[in-house]
C-alpha cells in the first residue's frame, strides 16, 4: 500500500501548480492528467444552462496577474502561486495608491506568513491574496495592478468514470476539482478517488461505481440536473475531501443518518481499530450538501481525515504538498476499499429452512463430535446467518448482532448458499 | 418584569383571605377580583348536572364557624383563617366534651404550629383544622362547636378568558381556584395565568389561548363535559399550580410525553439555563389528570415551581403570603411567555426548492465572498431550515438538530419564506 | 420451599445413574421415574420419521462397555459411569495396542481427574471417555475393548404433561432429557420442571401449561414437526437447563428480545432483588434454538443458573450430585412460579370511563378526606391502571411505568374490574 501512497502523492504533485476554479482550462488540465490514470468521460456544459435552481456561469480563464510596485517589481505574482488571485477575478489593469488597493487585498492576520484562498464566483469582483507579512512590507505609493483574465461564455467541465458492476444500482464517489493549489483540499481526494476506481476495477464489483470529478456545488448540481433519471439508481455514495492530512479519519454521515453507507462506514471504522470520528450530517461542507438535499436525500456520506475547516491550514497556502502524506492517503484508500468490500457483499438472505435448525452435519457444515463447548466461530456464524436471514437483516446486521467479523459472516452465508440453505 | 412580580403578589394578597371551595361565593368573589384585570366569562352550572362520570354537587357557603370554650372564648375561629374549617363541612351547632370533639379535629403533629388544610367534598362531615399547639393547650371540658354553613342546591362556578389568535386551534391554560387561604397553591397560579393572558393579548398570537379558572377536578371535568365539541381544537395546554414559591421550576410532562408542549417546555427550560426539573406524567396532581385522561389524552403539561406535595408547607397555613415571592412569580411568567413564543412559531415548513440547494446568493441571503470558513449562524440556520423542511420537521426540530437558538432558526425561516423558498 | 428443594434433589439422585441419550431405554426409564411425580403422556416416534429438516435416527441402547488390560482388569468401565462411553457408540469387540486405541479415547488434559462427556449421534463412531490421570497410568500394550451396544430401528421417546388452563393459549416449558450422568445439565432442569408442573396444578392457571421432556435438538424438532397446528397456540415458553448449580440466575431472552416472557422474566428477576443476569439471544445453547428459529420465532426464553458452557464442570464428570444444591433448585423453582404468576395475570384492560377520571369515591375506592398528600399506593395503582388501560398497555407495563409492585397493580385492576370501571 505504500506504493499506492507514493503514486497518489506523485499525482498530487503534478496537479498542485494548476489554477483550478469552477470552470476553465485549469479543470480541463486536471482532468487530462487524471485521465492518464483512468479513462474519463468529460462533459462540457454551456454557460447559461439552467441546472436546478442555478445557472452555469461564464467560464473563467486567467493567464497572468500581479501587483507591481513603482519600480516595476512584482510584489504579488500569480505565477508564484495560483492562490494569489481572487478566484473568478474580473480583468483589471490600473495603477492606484496602496490605500485604494487595500480594499482588494486579502490576508490572514493570525497567520501572517500564509496566503489565504478566496473566491467571488457570483459577484463581479477582483482581488489579490497575499501574506500579511508581504502586505506589511509594502510602502505606501502607487502600484500597478493587472489581472489578465477572461470571463466569457464557455463551458463548465466535469468528468465521470464508471466501474461497471453486476447490477445497475450505483454507488457514487464524488470529489471536487475546483480548488487551486491546495493539496489536501482537494488534490488528495482526487488522488484517492482515482486509485480507488483502479482498485475496484480489479474484479467486477457487485454495484456499479460511478466516480464524479466535478467542481464543488455547481458541478454536483449540474450532474444532478442532467441525471434526473439516473439518480434513482444511486443507492449509496461517498464524497471524498481532505483525504490526505495526517489527522484521524472522519466520517460524516448522510442526512438520513442510518443509510447503509453510514452503517457500513461506522462498522468498518470501528472494526478496523483505527482512531476515528463519526459525525452527524450538517448541511454545510462539500457536495454531500447537494446529494443529501431533501428532494434527493441520497445515502451519501463524506469521508475526510481532518474535516472541513477543522485545521488552521484549511484554505491557505499552508495546505501544501508537505501537508499531505503518502501514508495518510494510502490509509484513506484502504478504508474506502474495506468499506466497499463490505457494502458489496451486504446482501439480505432468506433462510430456506426456517423451521427449526437445518441439519448442518449431514451437509458437512458441522462438527460431528458433540458435547464440546468450543463452538467454532464459523459454525456460530452459520447459525447466526440462519437465525437472522428472515428478509429483514442484511449480513452487516448479522455481523453486528453476532459480534463476529463481517468476513466470517459473509463466508458463512456463502457456505449456506452453496448448500442451498439460503437464497439471496 | 419586577413590576409584574409585584403586581402579581398584590393580586395574591387580595385573594388570600377569601374562603374558596369547589363551589360557593368564595369562588365568585375570587373571579370578580380577577375580572378587574381581565374580562371573564363566568359560568354557573346547576347542582345535579351530570358531568362525565360525576355530578355537580350542592353548593357550599359558610358564614361563620368556631369552637368556643366553656367561657365562651373562641379557641378556633374561622374568622381568623379560612383553613380552620374542614372544607364542605355540614352545619353543626352543639356542645360536647373535648373527648368527643377530638374526632372532628385535624392537626399536623409533625408541624405543631401549622394548621392543615382538609376537605370532605363527597361525604357529609364536619370538622375543624387547628395547630397541634392549640389542641394541646385545650383543657378537657365542654366546648361549643358551631359551623354556620349551608349545603344546598345552587351552582358550580368557573370562568373563561379567551385571547383570540390567528387560528382557531387552541392552547388551554388552566388553574384551580378552589383552594382557600393557600398562597402558592394556587393563588400564585391564578396570578401568573392572569398576567400571562394580558401579556399574550399585546399582539394577536398564532393560537387562540383559552384561560380556565375553575375548581380542581370537578371544575375541569365540568368544562370538559360541556365542551365536548371544542376539545378537538385544544392542541396544547398547560396547568399552572404552585407557581410562586422560591424553588426551581418543574415541568411535568403530558401523558403522551412527546407532545409538542412537552418538547417546547423542555427546550425553553434547557435553553434558558435555569436550574429546573422535567418529570414524567403521573395520574396524580392537578387538572392535567383530567385533560390527560386516556379518552382525551390532550397534550397538556403542568408547570410548577416546587411541585405538588413536594414541600412541607404544602396544604398548610405555612403556605402563606411570605411563602410566595414576586421574583418567583415573575420568573414563572417569563418562562410561560418564552414557551408560548416558541410554540406559536413552531411551524412546519416545506422547502419549495428541495433538489439541491437553492442559490441563496442571488437572493441576497448568502455571502458572496467564498473560501472563508466562518459560515455565519444565520446562514447555517437557513441551510438547516432548507435541509429539514420536508414536512416532517417543525422549527423546534430544526433548532434542536442544528444546535441553534430557536429565534435564529425562526428568523431564518422568515427570511426564506420572504424569498419564496419555503411555504408554511 | 426447602422441602421442595430436598425432594427435587432426591429426584436428581434417582435419575443420575441412568445412561440417557437422544433415544433408548435410558430416556424411557427417566420418564418412568418422572411419571411417578406427574402423569406423562409418552410418545414413541419410529426411526426414519422425517421431522422438519431431520430424520429420527436409529435407536441406541447399551448394556456394557469397557477397556480391559492384558490381565483382564477393566481400566475403563461403563458400569462405573455412563459418561465413560462415547454416546451413540457403535458396537465394538476387539483387542488392540494402546497406540491404536488412543484415537478413540477422550480426556480433559486441563482437568486431569475429570471425565468428559462426548457423543457422536450422526456419524458412526465408537469411543471411551476417561480421565487424563487414568490414561496417563495406562502402560503400553494390548487392550481389549468392548462396547455391547445396539443401533437399530426403534423409536425416539419424549413425553408431555399438560396443566389445563382457563384458555387454550399455551405456555411451553421444555427441558432436555438426553444427557447421561450430568446433574446440572440437565437433571436439575427436569426436577424443576416436574415440581413446577405440580405447583401450577394447585389451581387452574390462566394459560394452559405444556411441559415437554424430550431429547435435545432432535426431540424439540420432533415435537415441532408433529405439532405444526398447535404451535400457533404457544404464546410463551421457557427452556429449563442448568437449573441447579450455585451460581446466580441467568435469563437468556428469546430471539425477539421483547417478547412478553422476556419482559416478565426481566421484571420478576429485577423486582426480586436477586443477583442475576439477563443475556441476549444467541442461536446456540438449548432448545430455544429450535423454538426461536426464524420460521417459528416463538416467545421462548431460557432460564439457567450458570448458563450453557459457563462453568468448568460443564459436560464433565464434575457436574455431579454435589454440584447441584437443593437451595439452588428451590430458588429456580420459586422464580419460575413468580414469573408465571405475573404472566398469568398480565392482562390488557380497557378503561370503560376514559373521559376524565371516574369518581372512585362514590364507589368506595377512594379516601373521602381530601387535602392529604399521602396518596396511598393502592389508590395510585388504580389511577395508573385507569390512565394506561387504553388497550395498549398490559398490567406489567402499568407496573413498570408506575414503579409499583405488579401485585399491587393487579389488585387495583381487580378492584376496578369489580366496580365495572375496566374490562379485560
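Chains as they are written, first to last, in my numbering: chain A, 16 to 439; chain B, 16 to 439; chain C, 16 to 439. We put the CB at the ideal spot given by N, CA and C, even for glycine.
According to DSSP, residues forming a beta bridge with residue i
{"i": "residue 112(A)", "result": "157(A)"}
{"i": "residue 363(B)", "result": "409(B)"}
{"i": "residue 144(C)", "result": "121(C)"}
{"i": "residue 102(A)", "result": "134(A)"}
{"i": "residue 92(C)", "result": "81(C)"}
{"i": "residue 438(A)", "result": "365(A)"}
{"i": "residue 107(B)", "result": "162(B)"}
Distance, residue j Cα to residue i Cα
{"i": "residue 381(C)", "j": "residue 240(B)", "result": "22 Å"}
{"i": "residue 180(B)", "j": "residue 223(B)", "result": "4 Å"}
{"i": "residue 342(C)", "j": "residue 26(C)", "result": "14 Å"}
{"i": "residue 302(C)", "j": "residue 216(C)", "result": "24 Å"}
{"i": "residue 327(B)", "j": "residue 29(B)", "result": "24 Å"}
{"i": "residue 399(B)", "j": "residue 210(B)", "result": "36 Å"}
{"i": "residue 228(C)", "j": "residue 252(B)", "result": "58 Å"}
{"i": "residue 401(C)", "j": "residue 250(B)", "result": "23 Å"}
{"i": "residue 174(C)", "j": "residue 55(C)", "result": "6 Å"}
{"i": "residue 305(C)", "j": "residue 313(C)", "result": "9 Å"}
{"i": "residue 106(B)", "j": "residue 136(B)", "result": "14 Å"}
{"i": "residue 315(A)", "j": "residue 189(A)", "result": "10 Å"}
{"i": "residue 66(B)", "j": "residue 368(C)", "result": "12 Å"}
{"i": "residue 310(C)", "j": "residue 361(C)", "result": "26 Å"}
{"i": "residue 375(B)", "j": "residue 248(A)", "result": "29 Å"}
{"i": "residue 61(B)", "j": "residue 68(B)", "result": "16 Å"}
Classification of residue i by the beta-carbon crowding that lies within 10 angstroms, buried from 16 upward
{"i": "residue 438(A)", "result": "exposed"}
{"i": "residue 389(A)", "result": "Any answer about residue 389(A) is weak, because its pLDDT of 49 lies below 50 and its placement is not dependable; what the coordinates show is given next. So residue 389(A) counts as exposed."}
{"i": "residue 109(B)", "result": "exposed"}
{"i": "residue 218(B)", "result": "exposed"}
{"i": "residue 121(B)", "result": "buried"}
{"i": "residue 285(C)", "result": "exposed"}
{"i": "residue 87(B)", "result": "exposed"}
{"i": "residue 155(B)", "result": "exposed"}
{"i": "residue 244(B)", "result": "exposed"}
{"i": "residue 117(B)", "result": "exposed"}
{"i": "residue 225(C)", "result": "buried"}
{"i": "residue 260(B)", "result": "buried"}
{"i": "residue 133(A)", "result": "buried"}
Any C-beta of chain E under 8 Å from that of residue i
{"i": "residue 276(C)", "result": "The structure shown contains no chain E; the protein chains it does contain are A, B and C."}
Closer than 7 Å: residue i CB and nearest the ligand FAD heavy atom
{"i": "residue 200(C)", "result": "The ligand FAD is not part of the structure shown, which contains no ligands of any sort."}
- How about the segment 201-212 of chain C and the segment 238-257 of chain C: do they share at least three Cβ pairs that are nearer than 8 Å? Yes, the segment 201-212 of chain C touches the segment 238-257 of chain C.
- Task: Check whether the segment 412-427 of chain A touches the segment 18-33 of chain B, counting contact only when three or more Cβ pairs, one atom from each stretch, lie closer than 8 Å.
- Result: Touching, no, given that fewer than three Cβ pairs across the two stretches are closer than 8 Å.
- Let me know the alpha helix (DSSP H) ranges lying completely inside the segment 299-350 of chain C, each 4 residues or longer, listed in chain order. Qualifying alpha helix (DSSP H) stretches, in chain order: 303-306.
- Item | Validate contact between the segment 143-160 of chain C and the segment 38-45 of chain C using beta carbons, cut 8 Å, 3 pairs | At 8 Å Cβ cutoff, the stretches do not touch.
- Query: Where in the segment 155-239 of chain B do unbroken runs of the alpha helix (DSSP H), each at least 4 residues long, occur, reported from the N-terminal end onward?
  - Reply: List check, alpha helix (DSSP H) in window: 203-215.
- Query: Would you call the segment 332-347 of chain A and the segment 260-276 of chain C touching, i.e. three or more CB-CB distances under 8 Å?
  - Reply: Contact between the segment 332-347 of chain A and the segment 260-276 of chain C is absent: fewer than 3 CB-CB pairs across the two stretches fall below 8 Å.
- At a cut of 8 Å, does the segment 257-271 of chain C reach the segment 285-300 of chain C through at least three beta carbon pairs? Yes, the segment 257-271 of chain C touches the segment 285-300 of chain C.
- Message: Report the start-end ranges of each beta strand (DSSP E) in the segment 49-85 of chain A that is 3 residues or longer and not cut off at the edges.
- Response: With a minimum length of 3 residues, the continuous beta strand (DSSP E) runs that stay inside the segment 49-85 of chain A are 56-61, 74-83.
- On the three-pair Cβ rule with 8 Å, is the segment 68-85 of chain C touching the segment 96-103 of chain C? By the Cβ criterion, the segment 68-85 of chain C is in contact with the segment 96-103 of chain C, since at least three pairs of Cβ atoms, one from each stretch, lie closer than 8 Å.
- Query: Going along the chain, which unbroken runs of the beta strand (DSSP E) with 3 or more residues stay wholly within the segment 240-299 of chain A?
  - Reply: Runs found: 249-255, 264-267, 291-294.
- the segment 154-163 of chain A touching the segment 81-90 of chain A, judged by at least three CB pairs closer than 8 Å: Segment contact: the segment 154-163 of chain A against the segment 81-90 of chain A, three or more CB-CB distances shorter than 8 Å; contact assigned.
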